[in-house]
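Protein chains in written order, with my numbering: chain E, 1 to 116; chain W, 117 to 225.
Down below is the structure, laid out as structure tokens.
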């Protein structure tokens, strides 16, 4: 099992360019998440998908869109990149969500994005 | 106010020391609590869940105090390999996890 995979690993964009970050999981999990991690800020939830066909906003959704393409794949799109979106982006999945202490989130290796 | 707050550290301790981290959370309705570990430039990984009665996994002990809304992690007999950032995680609304900004631990020989 590959777990959670993300592409690309690194990306440099110019202000105003668009891009899509891809995420896939092979654990048959229902819930998937996109986070960004900035120095001193911890991980902040951008969007999440509780199940195939549903998506909801997290703490910092502005400037992003998501698509839950199927149960395996959850993509994050930056329509018009801004320097404030320079960050490390992590995708994660979990079986059903944090309803119990048994729930574990599995993370992808991250995408390092620099917007100039 | 942040959902989850942690002392950022760093905590610099010698090998063999015992070190404790605390974390406070703001949502009294939270039900699930976790400690994750993150190595430099890597993804977070679950270290342990935190149960109401407290739980232990080898050298690691986690405690939950609902009345004061804080979680603790105790590491005994620290190893060099324990050097990492420790993230406190709490659930919020259904399907949302809230992460603290992390506490950095450096274990020195």
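In this text, a Cβ means the ideal position worked out from N, Cα and C, and glycines have one as well.
If you're wondering where the values come from, they're calculated on a predicted model, not measured in any experiment.
Interfacial residues, the stretch 61 to 80 of chain E to chain W, with Cβ spacing under 7 angstroms: none
Span of the beta strand (DSSP E), counted from its first residue to its last, around residue 188 (chain W): 186 to 191
Cβ-Cβ distance between residue 87 (chain E) and residue 105 (chain E) below 9 angstroms: Cβ distance not < 9 angstroms, so residue 87 (chain E) and residue 105 (chain E) don't count as in contact.
For residue 85 (chain E), the three-state DSSP class (helix, strand or coil): helix
Run of the beta strand (DSSP E) containing residue 153 (chain W), from where it starts to where it stops: Note, residue 153 (chain W): beta strand (DSSP E), 149 to 154.
Between the CA atoms of residue 195 (chain W) and residue 221 (chain W) - distance to the nearest angstrom: 11 angstroms
Partners in chain E for residue 203 (chain W), counting only beta-carbon separations shorter than 9 angstroms: By Cβ distance, chain E contributes 42 and 43.
Proximity below 9 angstroms, CB of residue 140 (chain W) to CB of residue 185 (chain W): yes
Partner residues on chain E for residue 162 (chain W), Cβ-Cβ distance less than 9 angstroms: 104, 105 and 106
Residue span of the beta strand (DSSP E) that contains residue 19 (chain E), given as start and end: 19 to 25
Whole-angstrom distance between residue 193 (chain W) and residue 111 (chain E), CA atom to CA atom: 35 angstroms
Between the CA atoms of residue 143 (chain W) and residue 40 (chain E) - distance to the nearest angstrom: 21 angstroms
Span separating the alpha-carbon of residue 52 (chain E) from that of residue 71 (chain E): 5 angstroms
Closer than 9 angstroms at the beta carbon, the chain W residues around residue 53 (chain E): Under the 9 angstroms cutoff, chain W gives no residues; its nearest Cβ is about 14 angstroms from residue 53 (chain E).
Beta-carbon neighbours of residue 215 (chain W), restricted to chain B and to distances below 7 angstroms: The structure shown contains no chain B; its protein chains are E and W.
Listed by chain order, chain W residues near residue 109 (chain E) by CB distance under 7 angstroms: 159
CB contact below 9 angstroms: residue 90 (chain E) versus chain W: yes
CB contact below 9 angstroms: residue 154 (chain E) versus chain W: In the structure as shown, chain E starts at 1 and stops at 116, and residue 154 (chain E) therefore has no counterpart that could be examined.
Spatial neighbours of residue 177 (chain W) in its chain, beta-carbon cut-off 6 angstroms, leaving aside the 5 residues before and after: 190
Contact under 9 angstroms by Cβ, residue 188 (chain W) with residue 118 (chain W): no
Beta-ladder partner(s) of residue 4 (chain E), from DSSP: E:25
C-beta neighbour in chain E for residue 195 (chain W), strict 9 angstroms: no
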